[in-house]
Amino acid sequence: MATLFSVCIGLCYFSLAVSMFSLNALVFMALLTKKDYRKSTYRVIINVNVSCMAQLFVLACGGIMTMAQSNFNECLDKILGAILSAGWFVYIGMTLVLAVDRLSIFVRSISSCSSNATTILMLLFWLLGLSIFVLFLCPGYGYTYKSEDLYYFWVYNNGEGSRQVERIEPYFDLTIFVTVFFIYIFVVAHIIKLKKSPNTQSSSFKTEKRMLVVATLSCTYEALFIVIAFWMPYDVLGATALCVILSFAWIVECGMVVLLTLIISSRLRRKVMDLLTSNKKVFVFSTANLNKW
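Under this note's numbering, the first residue of the sequence shown is numbered -2, with each subsequent residue one higher.
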């Protein structure tokens, strides 16, 4: 049964998810429409955008379910849960691909085949996401928005297959995040070594330092999210409070990489602003033409 609390929380879920979705969509359009951005790094970021938007769509739907305190339909609940889980696994895979791509820029032994390696890794993680999507549509597997008659957070259902995946996932996720973190540390250490050479550009060093800051923040946040989501007992904060905190954390997670990338990349910020400005001009021009008629 819907309450004032559930309506307020659900509305906050929905509003934040839509805001993060819009941010990802803006960056997606900025990267997709600019030819000079069709490089391996930006192709990976585009894939990050897509995986995050898929999750945010489901998380926004979760906000509506929270307001209504209902998942409306078991079939809908299962499909949305499968999309969310697939998007999550693709997302964490793309964070690893992005780190490998940055590594390939500075390590000559793998830079020659970096484009092919990046493409292959992206395909593999999309195949993983597709496999998870199909698996979570099968009986005994899946995500659900209903947990102990509460509708505040997406969780694994009670199927035996889901329980097996739930036991494995935190270790898989943490392995990815720790690997990403150490890759960025190696990249920055390599840049520091190269910086002693007079031929090394200081701008590269500054860029990679910013990338390390982004990686440190995002990996720490993601690791804490996984630890709290899988291992914190409900009675520490209460089931409802913990579910609400985790839902907000998940929504923020889906916008964190893009937001931090915008903060450290002035070029990308300009492209996004140009996109917004051009759309505004088109809207004003169209309105003026309509007024003439």
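Here a beta-carbon is modelled for each residue, glycine too, at the ideal position from N, C-alpha and C.
Cβ neighbour criterion (16 or more within 10 Å) applied to Asp232: exposed
Length of the line joining the Cα atoms of Val152 and Met(-2): Here the alpha carbons of Met(-2) and Val152 stand approximately 20 Å from one another.
Reference Ala220; option with closest CA among Phe133, Tyr168, Trp123, Val15: Tyr168
C-alpha gap between Ala236 and Phe150, whole angstroms: If I take the Cα positions, the gap works out to 10 Å.
As assigned by DSSP and simplified to three states, the class of Gly138: One detail in the question is off: residue 138 reads as Tyr in this sequence, not Gly. Three-state DSSP puts Tyr138 in coil, outside helix and strand.
Residues near Met50 by beta carbon distance below 7 Å, same chain, minus five either side: Taken in chain order, the residues that qualify are Phe18, Asn21, Ala22.
Close Cβ partners of Met62 (< 6 Å) along its chain, the five nearest in sequence each way excluded: Excluding residues within five positions, the ones whose Cβ falls inside 6 Å are Asn68, Tyr142, Tyr148.
The region 37 to 53 in contact with the region 79 to 91 per 3-pair CB rule at 8 Å: yes
Rounded Cβ spacing between Lys75 and Leu132 (contact assumed at less than 8 Å): Between Leu132 and Lys75 the Cβ distance is about 12 Å, and since that is not below 8 Å, they are no contact.
Touch test, the region 167 to 187 against the region 239 to 249, Cβ-Cβ under 8 Å, three pairs minimum: no
Identity of the residue in Gly252, Leu234, Pro230, Arg207 nearest Tyr218 by Cα: Gly252
Alpha-carbon spacing of Asp146 relative to Gln66, whole angstroms: 9 Å
Residue from Leu121, Pro136, Gly60, Val97 whose Cα sits closest to the Cα of Thr38: Val97
Cβ neighbours of Leu81 in the same chain (closer than 8 Å, five flanking residues each side left out): Ala51, Gln52, Val55, Leu56, Tyr140, Trp151
Counterpart residues of Leu147 in DSSP-defined beta bridges: Ser144
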